[in-house]
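Data first, discussion second: the structure below is written as structure tokens.
2 protein chains.
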Amino acid sequence: MAAKTRQKSDAPDASDRVSRIREGVTAAILEHRLLPGTKLGEDEIGEIYGASRTLVRTALQQLAHEGIVNIEKNRGAFVARPTPADAREVFEARRLIEPTIVDHAIDAVSPAWLDRLGRHLAEKREAELRGDARASVRLSGEFHRLVAEMSGHSIYLGFLKELIARSSLIILLYRRHDTPACGTDHHAGIVAAIRKRDKARAGALMLSHLNEIEAELFLKDPAADELRLADGLGA
Amino acid sequence: MAAKTRQKSDAPDASDRVSRIREGVTAAILEHRLLPGTKLGEDEIGEIYGASRTLVRTALQQLAHEGIVNIEKNRGAFVARPTPADAREVFEARRLIEPTIVDHAIDAVSPAWLDRLGRHLAEKREAELRGDARASVRLSGEFHRLVAEMSGHSIYLGFLKELIARSSLIILLYRRHDTPACGTDHHAGIVAAIRKRDKARAGALMLSHLNEIEAELFLKDPAADELRLADGLGA
DNA sequence: CAGGCGCAGATTGTATAAAGTTTCGCCTGT
DNA sequence: ACAGGCGAAACTTTATACAATCTGCGCCTG
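Chains A and B, in that order, give the protein sequences.
At the far end of the first sequence sits residue 235, using the working numbering, and the numbering has no gaps.
At the far end of the second sequence sits residue 1235, using the working numbering, and the numbering has no gaps.
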């Protein structure tokens, strides 16, 4: 048959076993099912996905490069634990990049994309209605990724994927207990601005949206954090 | 200056054998000694660096994640060949990020850094004087990395390292034959603005510098490029 | 003589086994 | 009773062997 599979391996990930592992772990981190500092043993993961350690190791190295996993020499891989300084850097980078991304997304707007955005909003709303915190968190990040895909900028998309994954860990670590999750209303407003092709408004809304997320965080003083670590180790 | 840098494994492990391979190949690409499309055989590299294929493979995967190497399934690793579309994206991202980086660098300016920048300019000038094109190209990129390090933003630094490496390939592929290399004068002007802590001027100079580099490129129509590829494969 | 089929060589993908390192428990000495 | 060191177990790291896949050349056939 013609099943010669000459397809370009450029297709991100689907049938690849390494990609399945990577996406599984990524999803678990994005849904806050894996907490920062969790040990990611190679045997353990390998058994779950029915893969040998070679493949698991490849996946973990990719995740380490994305900044959501730390690999310590001779110690193993752990879910990353971003510092408050990291958190500030991540959100500053997002504030810089995302308004630009929205701008490009509006250039590439189409009925199909608007439909996709609308369906996303509905899905998110439904998840929040039934109190599914995990789905809600995941979809919150997915919205931003969706806009980046829409923009057609593969480089921005790659950068943002990294930033979103790290943001998820940051929010898990530092969010004030009582504040609600990143509101759907913001996303809906951004979509409305995109629909109207109002670049200035869409960019401004994205910016204030990010500012609001960061304002909900309690980033303890990094100096105090490092000191406590040093004291605990040195004293 | 020994205070910070206690951060994660992303720090340059010069002693690691994998890192040595990665940096060796990266340097070769940055100095235009490895051309786009060059096959990077695992055995070949392994023999050069006296390492087993396992380590070579790890290094190549990291380079693939940085976008300067393409890994095709069951085919091997090749030096990446950025398309004109890629080139435009890379330079747009640089125009967005680098003025911000300069801004932060000025916040972190110190006599030690100014000295380092000055020494860099001298080294570059000397390389150009003796007509060492390879060193000149390498140092051109290094200047931008230096400013990013100075800014203290590890995320921006990581992004920019990727962008610089890709830029090197892009310049090699698409630069008009007769134009001179990216001028030292620009860099010197930026350093002067940094020295005066003139953020507005430094950012503007960086922007025009990037614009000038891109203007020296001849990016053939991506549509024509893709069509030719599709025709060649389909017909 | 042209074109396609098939085998051989080479190269990558994967798994498994050996080697080195760290960690934790236990035992001994004070 | 507690501190310190010794030893075993578990894990990661590295290397090597095996299997799958692709490329290129030669031969056969029409």
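For every residue, glycine included, the Cβ atom is placed at its ideal position computed from N, Cα and C.
Note that the structure is a prediction, hence the values are computed from the model and not measured.
Cβ-Cβ separation between phenylalanine 78 of chain A and lysine 39 of chain A: approximately 6 Å, consistent with a contact (criterion under 8 Å). With fewer than three CB-CB distances shorter than 8 Å, the segment 72-87 of chain A does not count as touching the segment 105-125 of chain A.
A straight-line Cα-Cα distance of about 21 Å links aspartate 1185 of chain B and proline 1111 of chain B. The Cβ of histidine 65 of chain A sits closer than 8 Å to at least one Cβ of chain B. With distances taken between CA atoms, arginine 1033 of chain B lies nearest to B:Ala1133 out of B:Glu1142, B:Glu1214, B:Asp1016 and B:Ala1133.
For glutamate 23 of chain A, there is no enclosing beta strand (DSSP E); the residue is found in the alpha helix (DSSP H) stretching over 17-30. If you draw a straight line from the Cα of serine 1151 of chain B to the Cα of glutamate 1123 of chain B, it comes to about 21 Å. Only Thr58 and Gln61 from the segment 32-61 of chain A bring a Cβ to less than 8 Å from some Cβ of chain B.
In the three-state reduction of the DSSP assignment, arginine 197 of chain A falls in the coil class. Residues of chain A with a Cβ closer than 9 Å to the Cβ of valine 1090 of chain B are, in chain order, Ile155. By the neighbour-count definition (other C-beta atoms within 10 Å, threshold 16), leucine 1205 of chain B is a buried residue. Taking 8 Å as the cut-off, the beta carbon of valine 137 of chain A is found no closer than this to the beta carbon of alanine 105 of chain A. Within the same chain, Cβ atoms closer than 6 Å to the Cβ of arginine 1201 of chain B are found at Ala1193, the five residues on either side in sequence being excluded. Its Cα nearest to that of threonine 1058 of chain B, the residue B:Ile1021 stands out among B:Ala1085, B:Glu1047, B:Ala1093 and B:Ile1021. Between aspartate 1043 of chain B and the set B:Ser1052, B:Ala1165 and B:Tyr1174, the nearest pair of CA atoms involves B:Ser1052.
Ranked by how close their Cα comes to the Cα of arginine 94 of chain A, the residues A:Asp198, A:Gly141, A:Gly131 and A:Val25 have A:Gly141 in first place.
Under the three-state reduction of DSSP output, alanine 77 of chain A falls in the strand class. Contact check for isoleucine 1029 of chain B against serine 1168 of chain B passes: the beta carbons are separated by less than 8 Å.
Secondary structure of glutamate 1042 of chain B (DSSP, three-state): helix. For valine 69 of chain A, the enclosing beta strand (DSSP E) stretches over residues 69-72. Glutamate 1126 of chain B counts as exposed, since fewer than 16 other beta carbons sit within 10 angstroms of its beta carbon. For glycine 1152 of chain B, there is no enclosing alpha helix (DSSP H), as DSSP marks it with neither H nor E. Counting along the chain, the unbroken alpha helix (DSSP H) around alanine 105 of chain A starts and ends at 84-107.
Listed along the chain, the chain B residues whose CB falls inside 7 Å of the CB of alanine 93 of chain A are Ile1155 and Tyr1156. Within chain B, Leu1096 have C-beta atoms less than 7 Å from the C-beta of threonine 100 of chain A, given in sequence order.
Chain-ordered listing is empty here: chain A has no CB closer than 9 Å to the CB of phenylalanine 1078 of chain B, the nearest sitting near 12 Å.
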